[in-house]
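Here's the structure, in C-alpha cells; my notes come after.
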C-alpha cells in the first residue's frame, strides 16, 4: 500500500497543481470590478426612433428557430413598436 502511494505521488501532485491553476483562473479578481459606485448607467434608447420608453418581453417560440433563444429577453419600443 505504501509503495503504491509513493509510486503514484507524481500523478497526485500533478492533479493538485492542475486544480489550483484552474481555481485561480476562474476566481474573480477585485481589480476587474468597477471601482466607482456613483456612476449612473447610460440610458437605453431605441435605435430606430431614439425613445427611452420600452417594454421588456420574452422572445418565446418562433417557427424559424423553435425554442432556441426562447428564454432571452427582447425590448420593444413603446413609441415605434419595433423590437431591439
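In this note's numbering, the protein residues as written are 1462 to 1545. Just so it is clear, CB atoms sit at the ideal spot from N, CA and C, and this is done for glycine as well.
Asked	Found
Which residues in the same chain as residue 1558 place their Cβ atom closer than 6 Å to its Cβ, once the five residues preceding and following it in sequence are excluded?	Outside the displayed span of the chain (1462 to 1545) sits residue 1558, for which this structure offers no information.
Could you pull the DSSP bridge partners for residue 1516 from this structure?	1537
If you draw a straight line from the C-alpha of residue 1540 to the C-alpha of residue 1509, how long is it?	10 Å
DSSP beta-bridge partners for residue 1544?	1537
Look at residue 1528 and residue 1536 and say whether their C-beta atoms are less than 7 Å apart.	no
Per DSSP, residue 1523 forms a beta bridge with which residues?	1527
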